[in-house]
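K.L.:
Chains as they are written, first to last, in this note's numbering: chain S, 238 to 563; chain F, -15 to 294; chain Y, 1013 to 1300.
Here's a structure for you.
Okay, here's the thing in structure tokens:
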């Protein structure tokens, strides 16, 4: 039994409507071990949420299609599982936390009922008392008074709602939590609180986590490994040290770091990455970042860039290939 | 919660007063007077005047209205019908249950048939069943109730002889008239429920439920339905006015002695007490149904309930 | 790059393109256009005299090559009467919808705009009117004014105003930010100017859909009132009154009731399909 929890190999996902086809994810590969936290970084539209939804096969049925690849969870391919099996994994072994806490909870059910449902769905023992006890346990875990389990979602503030969502995710002690920008919709001060809580829980329970975010600060605080995503591809991945303290980086990563406003140095202008993400309805022939890259070479436009691996650090860029500029 | 109901009932009173004033006023503006209509065109002017005087019809409008109000509030008396010389309240008492039964059948049909079919259609969106149901509901929802009534009479009564087409001798008599309004109302309800359901299924919390591992059936019944029902219930209330309108005409078609036919004959005879009384009762029924719908809504939606139990 | 170009274009074209995607909406539109043409060219299709000239010899005849829809109790061609009833019904439907839109719109928009006691007062008034079921209200008003087409229109407008007022008022509240109203006020525009130049364009879509539905409902209502003898008076042909005529002959001449009823259904349905299509086209939320 390896330490490896999740291995995504060459995943490609498209969205198909009457008008057009959107290539959301193009050949993404990831790996995660037990208890590790992976940060998935990228701009809006990079395909992060699509990746998260594919893990649990929650993509909209009619318009989306997983065109190739496999998702190995505990050595079994999720994409080949029956609907029953997938359902038994959802919430129990892999739990998801979505971005907007305001709409993630059902307004007509109490939070106790909603958390209780998560527990009920995955335990053979449907003893009411036991479930109630567990609900209260989990609520205290996230810092909410257990008596409030009788309250409805609208009676909680945004930050509290997100804690309820986290409680729901933790209720069955899953092996993996996928958090899709869990703090983006919250105030900065609440963000810090929720983040701290998630970190503590992760340490205590040993849960693996995939933290999807566009905020490098969050990644620095909580993640062991990082993967940078751009236009449906992983362009750079490695440990947190590799990414934050390493010397070599994908031009996009450098651009991301540069766009962060610096508190210490004075500048007259911010330094955004020029240009826009490519149109997702067309797969470019060469590197998808080529149009915006200052180091773009001829070879970058004609074929897919090669992957350069240095220990745990991997960069998909021609700059680091044999015989490249570096 | 009870305080809210009480407050609503209280508000109904001034509203109904205004309604009575408006209807009374409108009838007063109408040309013609009861005596002429009752006695016919050949009567002498003296006789007409005498009869009108008996009715008190020759007094100024406000005095008549004042009298009417007084009678109503203190004696619970709607006045005497010009035509039958009997207290109006008797006719009203006889006919109200009939109209209420008809209306209830209509609502029940809408709720029990329309809502489930709407849910089914929404859940099986894009399937052949959904298309068939939606198109049928489209047609059925747009049929004029009196035409449907005539068709039903023709096919079920004349041709097949299954069901009676007039009067209210037994409960069987209610089937065709109730169907005439019920089918249309149910079809409309089905469309509203379907679109509400489709809307709800797209919500984030439904996705959360799926992510927890809930089976599709649980997702639909436990999470989606309750939320989808909220606007649907509201629509039952707001469509009720149209239902009453349809019921009035259907009553006329099927010769059913209800409040609708009473109003119609009352209008034709300038029988002011009759019209005002019938309209008031219909208005009361309407307001009560709306109140019921609001209460039901508050019972289901905790956000609304919170507002009323503060 | 070209995909992006495809998506731009004037708002009208966008809405039309979305509208065309719904088969139901297109069918509704086609049927409505056909009806409209029939209404305009009624006299060309069949002379009006055919609709009103009585002919005792040809009473109650079944549909045949001579009389496509048969004849009625007075020997008049039902086909001719249905054709000539079309402009009447459409005219009534559209006028009621438009007039009640204007008046109800003024009430609703001014109510939402001025707020306060004025709003309260107006809404109380509308609430009272709304306690009386619409058909009933129209019936009483027609009884007061006398039964003819013009009075029927007035009666239906009075009944319909309640709905238009409510819809336009909630439309103003529903627009994404009322701050544009504040902004316009700060700019020093007069109240009326603000209401006409700023508010109306913003709620145009909702009003358009509601008005279309109004036409559909009014055609139905007009038929109902005429069915009761409270609307268009004979010998002017009207679908509802034709159904009323057919009542006594249900057993002997059933063909009399099929065609007028179907005409009402077709008119009401097609316009409400157009309304639905408009609503979906103006609201750019994806359906799947």
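Don't be surprised by glycine CBs; every beta carbon is placed ideally from N, CA and C.
Can you check whether the CB of residue 1147 (chain Y) is closer than 8 Å to the CB of residue 9 (chain F)?
P.N.:
no
K.L.:
Does residue 333 (chain S) get closer than 8 Å to chain F when you measure Cβ to Cβ?
P.N.:
yes
K.L.:
Just tell me which of S:375, S:259, S:551 and S:459 has its CA closest to the CA of residue 303 (chain S).
P.N.:
S:259
K.L.:
Start and end of the beta strand (DSSP E) containing residue 310 (chain S)?
P.N.:
301 to 310
K.L.:
Under a CB-based cut-off of 8 Å, is residue 198 (chain F) close to chain S?
P.N.:
yes
K.L.:
Considering Cα atoms alone, identify which of F:56, F:35 and F:42 is closest to residue 4 (chain F).
P.N.:
Among F:56, F:35 and F:42, the Cα nearest to that of residue 4 (chain F) belongs to F:56.
K.L.:
Tell me which same chain residues have a C-beta within less than 7 Å of the C-beta of residue 351 (chain S), skipping the five on either side of it?
P.N.:
342, 343 and 405
K.L.:
What residues in the segment 337 to 360 of chain S bring their beta carbon closer than 7 Å to a beta carbon of chain F?
P.N.:
337, 340, 341, 342, 343, 344, 345, 354, 355, 358 and 359
K.L.:
Let me confirm a value: residue 1257 (chain Y) is counted as buried when at least 16 other C-beta atoms fall within 10 Å, else exposed. Which label applies?
P.N.:
buried
K.L.:
Residue 12 (chain F) lies in the alpha helix (DSSP H); which residues open and close that run?
P.N.:
-14 to 13
K.L.:
Using CA coordinates, which residue listed in S:472, S:480, S:469 and S:289 is at the minimum distance from residue 462 (chain S)?
P.N.:
Here the closest residue by C-alpha is S:480.
K.L.:
How long is the line joining the alpha carbons of residue 157 (chain F) and residue 82 (chain F), rounded to whole angstroms?
P.N.:
11 Å
K.L.:
Residue 175 (chain F) and residue 125 (chain F) - do their beta-carbons sit closer together than 8 Å?
P.N.:
The answer is yes: Cβ separation under 8 Å.
K.L.:
Given a cut-off of 8 Å on the beta-carbon distance, is the pair residue 1174 (chain Y) and residue 1138 (chain Y) in contact?
P.N.:
Contact check for residue 1174 (chain Y) against residue 1138 (chain Y) passes: the beta carbons are separated by less than 8 Å.
K.L.:
Grab the span of the beta strand (DSSP E) containing residue 264 (chain S) for me, first residue to last.
P.N.:
Its beta strand (DSSP E) spans residues 258 to 270.
K.L.:
Whole angstroms are fine: how far does the CA of residue 419 (chain S) sit from the CA of residue 402 (chain S)?
P.N.:
The straight-line gap from Cα to Cα measures roughly 10 Å.
K.L.:
So, under 8 Å CB-CB, residue 1133 (chain Y) and residue 1047 (chain Y) are touching, yes? Tell me the CB distance rounded to an integer number of Å.
P.N.:
About 41 Å; that fails the 8 Å criterion.
K.L.:
Hey, residue 1284 (chain Y) and residue 1228 (chain Y): beta-carbon distance below 8 Å or not?
P.N.:
yes
K.L.:
Using the C-alpha atoms, what's the distance from residue 212 (chain F) back to residue 1269 (chain Y)?
P.N.:
Cα-Cα distance, rounded: 39 Å.
K.L.:
Cα separation between residue 1106 (chain Y) and residue 1100 (chain Y)?
P.N.:
10 Å
K.L.:
Please give me, in chain order, every unbroken run of the beta strand (DSSP E) with length at least 3 that falls completely inside the segment 461 to 532 of chain S.
P.N.:
462 to 467 and 470 to 476
K.L.:
Identify each residue in the segment 260 to 277 of chain F for which the Cβ-Cβ distance to at least one residue of chain Y is less than 8 Å, and report them in chain order.
P.N.:
263, 266, 267, 270 and 271
K.L.:
Tell me, please, whether the CB atom of residue 283 (chain F) is closer than 8 Å to any CB atom in chain S?
P.N.:
no
K.L.:
What does DSSP give as the partner residue(s) for residue 550 (chain S) in the beta ladder?
P.N.:
S:547
K.L.:
Can you tell me whether residue 142 (chain F) is buried or exposed? The criterion is at least 16 other CB atoms within 10 Å of its CB, across all chains shown.
P.N.:
exposed
K.L.:
Which chain S residues are close to residue 184 (chain F), counting only those with a beta carbon under 7 Å from its beta carbon?
P.N.:
Result: empty, since nearest Cβ-Cβ is about 10 Å, beyond 7 Å.
K.L.:
Kindly say whether residue 252 (chain S), judged by its beta-carbon, lies nearer than 8 Å to any beta-carbon of chain F.
P.N.:
Residue 252 (chain S) has a beta carbon lying at 8 Å or more from every beta carbon in chain F.
K.L.:
What are the boundary residues of the beta strand (DSSP E) that includes residue 253 (chain S)?
P.N.:
241 to 253
K.L.:
For the candidate residues S:473, S:495, S:492 and S:250, whose alpha-carbon lies nearest to that of residue 277 (chain S)?
P.N.:
S:473
K.L.:
So which residues on chain F does residue 295 (chain S) lean against when the C-beta distance must stay under 7 Å?
P.N.:
191, 194 and 195
K.L.:
So with CB distances below 9 Å, who are the chain F contacts of residue 327 (chain S)?
P.N.:
194, 195, 196, 197 and 198
K.L.:
Compare the C-alpha of residue 1038 (chain Y) against each of Y:1295, Y:1051 and Y:1289 and name the closest.
P.N.:
Y:1289
K.L.:
Rounded to the nearest angstrom, how far is the Cβ of residue 353 (chain S) from that of residue 323 (chain S), given a contact under 8 Å?
P.N.:
Actually they do not touch by this definition, with Cβ atoms about 22 Å apart.
K.L.:
Would you kindly report the start and end of the unbroken alpha helix (DSSP H) that includes residue 33 (chain F)?
P.N.:
29 to 39
K.L.:
What's the gap between the Cα of residue 1195 (chain Y) and the Cα of residue 1125 (chain Y)?
P.N.:
13 Å
K.L.:
At what residues does the beta strand (DSSP E) containing residue 1047 (chain Y) begin and finish?
P.N.:
No beta strand (DSSP E) holds residue 1047 (chain Y); the alpha helix (DSSP H) holding it covers 1035 to 1052.
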